[in-house]
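A.B. asks: For reference, each letter of the sequence shown is one residue, going 139 to 758 in my numbering. Each residue gets a CB set at the ideal place from its N, CA and C atoms; glycine is no exception. Treat the numbers as computed from the prediction; the structure is a model and nothing was measured.
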Amino acid sequence: MASWSRRISFQVDVAGIIQIMGTSLYSRSDTPIRELLQNAHDAIQRRRLNDLSYKGQIQIRTDPEKHTLEVSDDGIGLTADEAEKYLGTLGIGITGLLKGRHPSATGATAGGEMLIGQFGIGLFSAFLLADRIIVESRKLGGDEGIRWVAGEGTEIELASCDRTDPGTMIRLELKSDFYKLAESPAQIEAAIKEYADYLPIPIYLNGMAQRANVINAAWFDTTPDPESVELALAEKFNEAPLDIIPIRIEKPVSIAGALYVTPQRTPGFAGEPVVTTTIKRMVISRDTQGLLPPWASFMRGVLELNDCSPTASREDLVRDARFEAARIQLEKILFEHFEGLMRNDPARLEAVLSWHRYSLAGAALGDRRLRDLLRQTYRFTTSAGPLTCEEIVSRSVADPLFETDSDRVVWYNTDRRQERWVNSLFAQNEVPCVQTLRSFEESLLAAMTGDISASKGESIDLRIASPSAEGFAAQILGVHDMEDASPEWQDFLSCTEARVMVATFRTDQPVMAFLNDRHELQRTYEELKRQGTVPAGFQRLIDSHFSKDEPARNEVLLNRNHRLVKRALEQRAGTPLASVLRLLVVSALNSAGAAVPREAQSVQSDDLDWIAEALWGQRK
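1) So what's Val547 in DSSP terms, helix, strand or just coil?
2) Would you identify the three-state DSSP class for Asn697, choosing helix, strand or coil?
3) In whole angstroms, give me the CA-to-CA distance for Arg691 and Leu719.
4) Taking the alpha carbon of Leu479 as the point to measure from, which residue in Gln514, Thr519, Gln566 and Gln647 has its own alpha carbon closest?
5) Tell me which residues share the same chain as Arg424 and place their Cβ nearer than 6 Å to its Cβ, disregarding the 5 neighbours each side in the sequence.
6) Classify His500: buried if its beta carbon has 16 or more other beta carbons within 10 angstroms, exposed otherwise.
7) Tell me whether the beta-carbon of Ile92 lies closer than 9 Å to the beta-carbon of Val531.
8) Please go through the segment 159-230 and give each complete beta strand (DSSP E) segment of 3 or more residues, from N-terminal end onward.
9) Please report the distance separating the alpha-carbon of Leu525 from that of Asn444.
10) Given a cut-off of 9 Å on the beta-carbon distance, is the pair Leu472 and Leu539 in contact?
11) Taking the beta strand (DSSP E) that Val531 belongs to, which residues open and close that run?
12) What number of angstroms, rounded off, separates the C-alpha of Leu727 from the C-alpha of Ser544?
13) Using only the alpha-carbon positions, how far apart do Leu261 and Tyr192 sit?
14) Ignore the nearest five residues each way along the sequence and tell me which others in Asp745's own chain have a CB closer than 8 Å to its CB.
15) Does the distance from the CB of Tyr759 to the CB of Gln467 come in under 9 Å?
16) Residue ranges of each beta strand (DSSP E) run of no fewer than 3 residues wholly in the segment 388-475, ordered along the chain?
17) Where does Met586 fall in DSSP's three states?
18) Should Lys704 be counted as a contact of the ligand SAH given a C-beta to heavy atom distance under 8 Å?
19) Spell out a yes or no on whether the segment 730-742 and the segment 618-637 are touching, meaning 3 or more CB-CB pairs, one atom from each, closer than 8 Å.
20) Three-state secondary structure (DSSP) at Ala297?
21) Can you tell which of Phe564, Gln739 and Asp483 has its C-alpha closest to the C-alpha of Ile602?
22) Would you kindly check if the distance between the Cβ of Gly215 and the Cβ of Thr361 is under 9 Å?
23) Given a threshold of 16 other Cβ atoms within 10 Å of its Cβ, counted over all protein chains shown, does Ala324 qualify as buried or as exposed?
24) Which one or two residues does DSSP pair with Cys633 in a beta bridge?
25) Is the beta carbon of Ala264 closer than 9 Å to that of Leu310?
26) Who are Leu310's beta bridge partners in DSSP?
27) Closer than 8 Å is the cut-off here; do at least three beta carbon pairs connect the segment 636-656 with the segment 617-627?
28) Is it buried or exposed, Gln348, if we count other Cβ atoms within 10 angstroms and call 16 or more buried?
29) What would DSSP say about Asp599, mapped onto helix, strand or coil?
30) So the candidates are Lys374, Glu373, Thr400 and Lys418; which of them puts its Cα closest to the Cα of Ala394?
31) Quick one: using the 10 Å Cβ neighbour count with 16 as the cut-off for buried, is Lys112 buried or exposed?
32) DSSP on Trp142, reduced to helix/strand/coil?
33) For a test of the three-state rule: what should DSSP assign to Val572, helix, strand or coil?
34) Bridge partners for Asp381 per DSSP, in chain order?
35) Could you say which of Ser497, Asp537 and Ser492 lies nearest to Thr519 if we only look at CA atoms?
36) Let me know if Gly406 comes out buried or exposed under the rule of 16 or more other beta-carbons within 10 Å of its beta-carbon.
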């Protein structure tokens, strides 16, 4: 079979493209209003280039009886040739050509940077709402008006009309599903507020004397006044900012606006900063993601990003080099602001941290610069009161009598149930104990102490407050003879599932119990397994905690200096006194908050019977 080849052209279903433009490109039904307002803005800005005294305005009118929506401007207008070339051609818009962002453009035209449009598709979005679009226009200085009409088909009617004033009127003959837009002007007003509230051109609705858009906002001022910005942000977002950051930079990327710290607590660490972004004052997105660093989930604000580009739907920003440059600059600004507060206004920074401490703490785990900021400001709960990591480390000098390898020893407790108990143990000690009662705080403390160790060249040992931890018995408890209980007593007290040790205390307390949160977590897991109700999230937690390490145990210290304990230990493990000691051990674990095992609960009754018999004789 002979080989062959031929050249063919792309085929375009114009009607299908129009349907896609009208129904699939945009996520909201009011988007066409934004597109029409944007086109009107650009037409007025183009006229301003020729007449600096000209102000311009946009009129929106609805007719509930005729089911129409009109958007009119007194801008530069269109000639018949321009209407034929641009209105009916997808992908070629006048604005895009002027900005030099189309393949046929010879370069950017003076004043093109003032325009918003780019893609030449905005007018077609009106087919989302309308069955038919009518455009009437007259070019500034032109000799005739023109009328352009398009429906759902592929043909366009272009004719002259008797329009005398320069500018453009676009009338939408609404689909039946959208008659409500003409019947309820409130929906149009809401769309203006949503997209064009800051557009620097007055917008009037149905001939009202008062404009529908705000236009001016304090954060857009060349030299914004912080107090005015704060009041404007409070009004817009309906909350009082904890702290504000006015922003105005030109290089390497243009950014104007303001950010603020929300007083709303951000639960967990999954929240995203909420930032409204605008280009030439037209709102692009009220929830732009990825512009601020993840740790700034408590930030809100409005930012003008004229160097960035909108997506084709104009509902988001293109993630390109200019977006990345803006992101880098904003992160730099945030760090510089909070570092400045640390130096000059620590009270304000404390207020921010106290409100959003957990969001910041969680984020700092993966951000060294943020940790450097927090280690001087973030206050951990300790036995000596709230302390920063810097203060904790400075107070945690290792005792040279007991430590040979560490310059400093930082003690911490992870179990909320024994917080008060541990605090009492450290009350008479100059060394504090950090209460890392949330798992991320334990990791944060470890990361911060590691940073300090690396920067200062000191050996810092992080140890959990537990009798089995090196140096805890001698330095904190004042116990120097601690040892494991005999196998006989370990077996007798095995029902408690605790490691049993004996020592001589400085107090007359017979038993001390220390909980291990990993042990308690394991017991909860085993109970859920027996019930067959282990949640998937809990299973992942267990896997992460116990995949490598052996299960830990609670720890019990018996005071051999206490008369009852001393006499019990001198006897064998099956005596009535031994039963009393076992009850004391179970009671100590209970008081500490441990979940007493079923076996320990079952032997309690036997112990009480045994003790009763010893006191009052055999039951009859």
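C.D. replies: In brief:
1) Counting from 1 along the sequence shown, the entry for residue 547 is found at position 409. Strand, per DSSP.
2) Reading the sequence shown from its first residue, position 559 is the one you call residue 697. Correct three-state label for Asn697: strand.
3) Start at 1 with the first residue of the sequence shown, and residue 691 comes out as number 553. Start at 1 with the first residue of the sequence shown, and residue 719 comes out as number 581. So the two alpha carbons sit approximately 19 Å from each other.
4) The count along the sequence shown starts at 1 and reaches residue 479 at position 341. Closest option to Leu479, Cα to Cα, is Gln514.
5) For the purposes of this step, residue 424 is identified with residue 286 of the sequence shown, where counting begins at 1. So the list reads Thr414, once near-sequence residues are dropped.
6) Position 362 of the sequence shown, counting from 1, holds the residue named residue 500. Position check: residue 500 holds Gly in this sequence, whereas His was assumed. Its Cβ being crowded by 16 or more others within 10 Å, Gly500 is buried.
7) Here the chain covers residues 139 to 758 and nothing more, so residue 92 does not appear.
8) 196-201 and 206-211
9) If you number the sequence shown from 1, residue 525 lands on position 387. If you number the sequence shown from 1, residue 444 lands on position 306. Distance between the alpha carbons of Leu525 and Asn444 is about 44 Å.
10) Start at 1 with the first residue of the sequence shown, and residue 472 comes out as number 334. Start at 1 with the first residue of the sequence shown, and residue 539 comes out as number 401. Against a cut-off of 9 Å, the Cβ pair of Leu539 and Leu472 comes out as no contact.
11) The residue labelled residue 531 in the question sits at position 393 within the sequence shown. Segment Cys527 to Arg533 is the alpha helix (DSSP H) holding Val531; no beta strand (DSSP E) there.
12) Position 589 of the sequence shown, counted from the first residue, corresponds to residue 727. Position 406 of the sequence shown, counted from the first residue, corresponds to residue 544. Near 32 Å, if we compare the C-alpha coordinates of Ser544 and Leu727.
13) Taking the sequence shown and counting its residues from 1, one reaches residue 261 at position 123. Taking the sequence shown and counting its residues from 1, one reaches residue 192 at position 54. The alpha-carbon atoms of Leu261 and Tyr192 are separated by roughly 25 Å.
14) Against the sequence shown, residue 745 aligns to sequence position 607. If we look at Asp745 and ignore the five residues flanking it on each side, its Cβ neighbours are Ser717, Val718, Arg720 and Leu721.
15) Residue 759 lies beyond the range of the chain shown here (139 to 758); nothing can be said about it.
16) 393-399, 412-417, 420-423 and 437-442
17) For this step, residue 586 is matched to residue 448 along the sequence shown. Of the three classes helix, strand and coil, the one that applies to Met586 here is helix, per DSSP.
18) With respect to small molecules bound, the structure shown includes none, and the ligand SAH cannot be examined in it.
19) yes
20) Within the sequence shown, numbered from 1, the residue matching residue 297 stands at position 159. Three-state DSSP puts Ala297 in a strand.
21) For the purposes of this step, residue 602 is taken as the residue at position 464 of the sequence shown. For the residues Phe564, Gln739 and Asp483, the minimum Cα distance to Ile602 belongs to Phe564.
22) Within the sequence shown, residue 361 is the residue found at index 223, counting from 1. Within the sequence shown, residue 215 is the residue found at index 77, counting from 1. Contact: no.
23) For the purposes of this step, residue 324 is taken as the residue at position 186 of the sequence shown. Ala324 is exposed by the Cβ-count criterion.
24) Here residue 633 refers to the residue found at position 495 of the sequence shown. Answer is none; Cys633 lacks a bridge partner.
25) If you number the sequence shown from 1, residue 310 lands on position 172. If you number the sequence shown from 1, residue 264 lands on position 126. Contact: yes.
26) Your numbering for residue 310 matches position 172 in the sequence shown. Under DSSP, the beta-bridge partners assigned to Leu310 are Leu207 and Ile271.
27) yes
28) As a working note, residue 348 is residue 210 in the sequence shown. Gln348 is exposed by the Cβ-count criterion.
29) Translated into positions along the sequence shown, residue 599 becomes position 461. Strand at Asp599.
30) The residue labelled residue 394 in the question sits at position 256 within the sequence shown. Ala394 has its Cα closest to that of Lys418, out of Lys374, Glu373, Thr400 and Lys418.
31) The structure shown has nothing for residue 112, since the chain only spans 139 to 758.
32) Within the sequence shown, residue 142 is the residue found at index 4, counting from 1. Of the three classes helix, strand and coil, the one that applies to Trp142 here is coil, per DSSP.
33) Working through the sequence shown from its first residue, we reach residue 572 at position 434. Strand, per DSSP.
34) Within the sequence shown, the letter at position 243 stands for residue 381. Residue pairing by DSSP puts Asp381 in a beta bridge opposite Val399.
35) For the purposes of this step, residue 519 is identified with residue 381 of the sequence shown, where counting begins at 1. Out of Ser497, Asp537 and Ser492, Ser492 has the C-alpha closest to the C-alpha of Thr519.
36) The residue you call residue 406 lines up with position 268 of the sequence shown. Residue placement at Gly406 cannot be trusted, given a pLDDT of 47 that sits under 50; what the coordinates show is reported in the next sentence. When all chains shown are included, Gly406 counts as exposed.
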